[in-house]
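One structure below.
Number of protein chains: 2
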Amino acid sequence: MNDFVFHTPTKVVFGKGTEDQVGALVKEQGGTKVLVHFGGSSAKKSGLLDRVCASLEQAGIPYVTLGGVVPNPLLSLVYQGIDLCKKEGVDFILAVGGGSVIDSSKAIGYGLANDFDVWDLFDRKNTATGCAPIGAVLTIAAAGSEMSDSTVITKDEGMLKRGYNSSYCRCRFAVMDPELTYTLPAYQTASGVTDIMMHILERYLVKEETMEVTDTMAEAVLRAVRKYGAILRDDPKNYKARAEIMWAGSLAHNGLLNCGGPVGDWASHQIEMELSGMFGVAHGAGLAAVWGSWARYVLDEKPERFAQLAHNVCGVADSGDARADALKGIENMEDFFRSIHMPTNIRELGIDPLTEEQIEELAEKCTYFGQRTVGRFKVLQKEDLKAIYRMAR
Amino acid sequence: MNDFVFHTPTKVVFGKGTEDQVGALVKEQGGTKVLVHFGGSSAKKSGLLDRVCASLEQAGIPYVTLGGVVPNPLLSLVYQGIDLCKKEGVDFILAVGGGSVIDSSKAIGYGLANDFDVWDLFDRKNTATGCAPIGAVLTIAAAGSEMSDSTVITKDEGMLKRGYNSSYCRCRFAVMDPELTYTLPAYQTASGVTDIMMHILERYLVKEETMEVTDTMAEAVLRAVRKYGAILRDDPKNYKARAEIMWAGSLAHNGLLNCGGPVGDWASHQIEMELSGMFGVAHGAGLAAVWGSWARYVLDEKPERFAQLAHNVCGVADSGDARADALKGIENMEDFFRSIHMPTNIRELGIDPLTEEQIEELAEKCTYFGQRTVGRFKVLQKEDLKAIYRMAR
Numbered sequence: 005m006n007d008f009v010f011h012t013p014t015k016v017v018f019g020k021g022t023e024d025q026v027g028a029l030v031k032e033q034g035g036t037k038v039l040v041h042f043g044g045s046s047a048k049k050s051g052l053l054d055r056v057c058a059s060l061e062q063a064g065i066p067y068v069t070l071g072g073v074v075p076n077p078l079l080s081l082v083y084q085g086i087d088l089c090k091k092e093g094v095d096f097i098l099a100v101g102g103g104s105v106i107d108s109s110k111a112i113g114y115g116l117a118n119d120f121d122v123w124d125l126f127d128r129k130n131t132a133t134g135c136a137p138i139g140a141v142l143t144i145a146a147a148g149s150e151m152s153d154s155t156v157i158t159k160d161e162g163m164l165k166r167g168y169n170s171s172y173c174r175c176r177f178a179v180m181d182p183e184l185t186y187t188l189p190a191y192q193t194a195s196g197v198t199d200i201m202m203h204i205l206e207r208y209l210v211k212e213e214t215m216e217v218t219d220t221m222a223e224a225v226l227r228a229v230r231k232y233g234a235i236l237r238d239d240p241k242n243y244k245a246r247a248e249i250m251w252a253g254s255l256a257h258n259g260l261l262n263c264g265g266p267v268g269d270w271a272s273h274q275i276e277m278e279l280s281g282m283f284g285v286a287h288g289a290g291l292a293a294v295w296g297s298w299a300r301y302v303l304d305e306k307p308e309r310f311a312q313l314a315h316n317v318c319g320v321a322d323s324g325d326a327r328a329d330a331l332k333g334i335e336n337m338e339d340f341f342r343s344i345h346m347p348t349n350i351r352e353l354g355i356d357p358l359t360e361e362q363i364e365e366l367a368e369k370c371t372y373f374g375q376r377t378v379g380r381f382k383v384l385q386k387e388d389l390k391a392i393y394r395m396a397r
Numbered sequence: 005m006n007d008f009v010f011h012t013p014t015k016v017v018f019g020k021g022t023e024d025q026v027g028a029l030v031k032e033q034g035g036t037k038v039l040v041h042f043g044g045s046s047a048k049k050s051g052l053l054d055r056v057c058a059s060l061e062q063a064g065i066p067y068v069t070l071g072g073v074v075p076n077p078l079l080s081l082v083y084q085g086i087d088l089c090k091k092e093g094v095d096f097i098l099a100v101g102g103g104s105v106i107d108s109s110k111a112i113g114y115g116l117a118n119d120f121d122v123w124d125l126f127d128r129k130n131t132a133t134g135c136a137p138i139g140a141v142l143t144i145a146a147a148g149s150e151m152s153d154s155t156v157i158t159k160d161e162g163m164l165k166r167g168y169n170s171s172y173c174r175c176r177f178a179v180m181d182p183e184l185t186y187t188l189p190a191y192q193t194a195s196g197v198t199d200i201m202m203h204i205l206e207r208y209l210v211k212e213e214t215m216e217v218t219d220t221m222a223e224a225v226l227r228a229v230r231k232y233g234a235i236l237r238d239d240p241k242n243y244k245a246r247a248e249i250m251w252a253g254s255l256a257h258n259g260l261l262n263c264g265g266p267v268g269d270w271a272s273h274q275i276e277m278e279l280s281g282m283f284g285v286a287h288g289a290g291l292a293a294v295w296g297s298w299a300r301y302v303l304d305e306k307p308e309r310f311a312q313l314a315h316n317v318c319g320v321a322d323s324g325d326a327r328a329d330a331l332k333g334i335e336n337m338e339d340f341f342r343s344i345h346m347p348t349n350i351r352e353l354g355i356d357p358l359t360e361e362q363i364e365e366l367a368e369k370c371t372y373f374g375q376r377t378v379g380r381f382k383v384l385q386k387e388d389l390k391a392i393y394r395m396a397r
């Protein structure tokens, strides 16, 4: 069992209509000038942006707005945000959106609090000593960025997608109204469900000793996400299901579910990150497309761990043969992904065929051009990554 | 499902030897003069107090000490602590101990930050607007005060035991080294295990709709606490078991396990609180002594909920008869308490006999002299309380 630090200072305000509390929450945090940061037109069309701005106005807090965040948020907009905040004297960033908007906000926050090029963080050339305060109004349950310490940004030039983790960027508050997710396209809902499951699986599928309290809570959340994910496929305006998934999304990535265990594997995330960097696929869908191939490739390092997943989450009876049960569990997981209309290979992502040249480039980028290995359950070299991309195509 | 606010800002630093980080942690929080608050002689004898003070000295932080906290911590010592802190210019309180020491520290913190008699909080005459910052070095897994928003203090005069809850008092950090609990007497370990289970059960045994993510995590933690509680009975220096129980103790009471549900029942706690106020019994043992009687008394309000506990935690097979399964679950819980040498009635607490006059007084005090009802699963009046005390004696 590992020592650990658990620190989730984000104040979660969860429930119907909670977005109307935004002004009061910013005030509580001492914000005096806000950047309202958002994505496309849906936040405008739905009226959410108006309500958030009205809440700020009611609290007497001036603001400026910056929209245009895209999935796999771009460094160029982060630079724009930093410039705007400096010019306008912004001291609080309010993210209205999902993981991309929150990550873009975090990167702007890093840019404001550190006097070097913010990309240096993602490029491993520097470390942060702070981050401007951020709050979030969540509109999709998926990335878990509203409580996490992680940020992922894509550099426009070369579409390099890189992450940076530190406690400084954790949101001061997260407003979570499950009703805001009612109108998401089914594909996005399912991608989010997958992303949530993968955040848990990356932490859970490890070889080292773990904490039982953590393991069994992870299994409990995984079971609930599968159950309510399936319900949402048929009943997207089911409040209970939306709420269960939304809260699970935060728990999956706030650190709770790897207390006492190692840092996790994260190879599936790295493998997918290159795919979505190159092809712009939805992150959750990309994860569903590669996970089964990764799992079968690394399984033999410790079949018992995959068997535990099979028994406690996938409903596979214990046959006494860990490897056989593990394989049944992986199949069951893929069956679940298919049941919510997620792909289980790269072809189903619309990338057909993935060429050998592309595989070479993906694997090369994934190792940071030979500077690192990937994953921990099995430590993957470039040739391993190529094998997994081939299995998954 | 209820709306909720989840806010656990406490930074948990968990693992072997983490008490040596105390000086750095106080510094991180901006503390410049510390009150080291503790209980009896064990913290001195074990050398823990010396190590904590050495860590403060190494960080260049001056401190004063105040020992003498007793189980069911007394208001008189809280007043002493407030006076000492004011005289010495203390701006950070470091609790070295268990729930009693942390609660005493919280009450001192309230006293420093509010300009009225601190007992007014517990007497419902006033509300807090702040609390001086507190850190904890935990020495027993039980009360969960290291991450909770609650404080329980006993007024010497009349031995009135009262609680007060607010977010202001949450610890800035909690240092948790499972090895510090190796030398606890077996009875205290078992009382702690019971207290932890009861913190979960009070939240779990409710009639209203709950969140499934929360329910199933609660069940997971309960199963783990039973498993590792039993291991500690025979193997008190088992690091994994100590760690599982210690972390479970924080999760049980930090708010995680009632997200989306109602506030909980808390009748068993109120019923026990009067017992320990009058007879000074160990809180966990007192809870074990009364819980079964409470459960049988209220069960018929919603047998299905007790049956869920029986099925998912106690290993009772679903017979289709919720009431029968519920009763089996309650019996199984009592069997567990007996297996770790906890009492399941008041006589086994050494109170024999509990007289009718005492029952009258306990019930009277428990309703705050007729000013309140107790519990929510079934709302209990004075006569209900008397019936439960009689069943439990």
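So the protein sequences, as listed, match chains A and B. 365 is the number that our numbering gives to position 361 of the first sequence; each next residue is one higher, with no gaps. 68 is the number that our numbering gives to position 64 of the second sequence; each next residue is one higher, with no gaps. Think of the CB as a built atom: it goes at the ideal place given N, C-alpha and C, for glycine as much as any other residue.
Check	Outcome
Identify which residue in V56/B, S272/B, T155/B has its Cα closest to the Cα of A367/B.	S272/B
Please report how far the alpha carbon of L209/A lies from the alpha carbon of G290/A, in whole angstroms.	19 Å
For T133/A, count the other beta carbons within 10 Å of its own beta carbon; 16 or more makes it buried, fewer makes it exposed. Which is it?	exposed
To which residues of the same chain is K332/A closer than 7 Å at the C-beta, ignoring the five residues directly before and after it?	A314, V320
Please confirm whether any heavy atom of the ligand FMN lies closer than 8 Å to the CB of Y114/A.	Here there are no bound small molecules, and the ligand FMN is not part of this structure.
Looking only at its chain, what residues have a beta carbon closer than 6 Å to the beta carbon of G71/A, apart from the 5 residues adjacent to it on each side?	F42
Let me make sure I understand the geometry here. Which of M346/A, E360/A, E361/A has the alpha-carbon closest to that of G354/A?	M346/A
Residues in its own chain within less than 7 Å of L188/A by CB, not counting five upstream and five downstream?	I144
Indicate whether V68/B and V94/B have their beta-carbon atoms separated by less than 9 Å.	yes
Okay, do the region 153–165 of chain B and the region 381–393 of chain A touch, 3+ Cβ pairs below 8 Å being the bar?	no
Let me make sure I understand the geometry here. Which of D153/B, S170/B, Y243/B, G139/B has the alpha-carbon closest to that of N130/B?	S170/B
Can you tell me whether DSSP reads Y208/A as helix, strand or coil?	helix
9 Å is my cut-off, CB to CB: does G264/A come that close to chain B?	yes
With 9 Å set as the bound, which would you pick, yes or no: does the beta-carbon of L243/B sit closer than that to a beta-carbon of chain A?	Correcting the residue type first, residue 243/B is Tyr in the shown sequence and not Leu. By this cut-off, Y243/B is an interface position.
Output, in chain order, the set of chain A residues within a Cβ distance shorter than 8 Å of M202/B.	None at all; the shortest Cβ gap to chain A is about 17 Å.
Quick one: using the 10 Å Cβ neighbour count with 16 as the cut-off for buried, is Y243/A buried or exposed?	exposed
Give me the Cβ distance between Y172/A and C135/A, rounded to the nearest whole Å; I'm assuming they're in contact under 8 Å.	4 Å
Against chain A, which members of the region 130–156 of chain B pass a CB distance test of less than 9 Å?	none
To which residues of the same chain is I344/B closer than 7 Å at the C-beta, ignoring the five residues directly before and after it?	A194, V197, G233, A234, R237
Tell me which residues share the same chain as E305/A and place their Cβ nearer than 8 Å to its Cβ, disregarding the 5 neighbours each side in the sequence.	K211, F381, K382
Does chain A have any CB closer than 9 Å to the CB of W251/B?	yes
Taking the alpha carbon of R405/B as the point to measure from, which residue in F340/B, I65/B, L303/B has its own alpha carbon closest?	The first residue shown for chain B is 5 and the last is 397, placing residue 405/B beyond what the model contains.
Among P13/B, E23/B, D7/B, T12/B, which residue has its Cα nearest to the Cα of D7/A?	E23/B
Out of A311/B, R174/B, M337/B, which one is the CA nearest neighbour of D325/B?	A311/B
Is DSSP giving V40/A helix, strand or coil here?	strand
Can you name the residues that DSSP bridges to I138/A?	I97/A
Nearest to C57/B by CA position, among V26/B, T12/B, P77/B, is which residue?	V26/B
Taking just the CA atoms, how far does I363/A sit from V378/A?	15 Å
So what's V427/B in DSSP terms, helix, strand or just coil?	Residue 427/B lies beyond the stretch modelled for chain B, which goes from 5 to 397, so this question has no answer here.
Is there at least one Cβ from chain B nearer than 9 Å to E32/A's Cβ?	no
Count the other CB atoms, across all protein chains shown, that sit within 10 Å of the CB of T36/A; report buried if there are 16 or more and exposed otherwise.	exposed
For S453/A, is the classification buried or exposed, using 16 other Cβ atoms within 10 angstroms of its Cβ as the cut-off for buried?	No answer is possible for residue 453/A: it lies beyond the span of chain A, which begins at 5 and ends at 397.
Counting only runs of 4+ residues fully inside the region 148–217 of chain A, write out the alpha helix (DSSP H) ranges in chain order.	190–208
Taking Cβ-Cβ distances shorter than 7 Å, what residues in chain B pair up with E248/A?	M215, E216, V217
State the start and end residues of the unbroken beta strand (DSSP E) segment that holds P307/A.	Where P307/A is concerned, there is no enclosing beta strand (DSSP E), although the alpha helix (DSSP H) it sits in stretches over 307–316.
If the criterion is Cβ atoms closer than 9 Å, does the pair S50/B and A28/B meet it?	no
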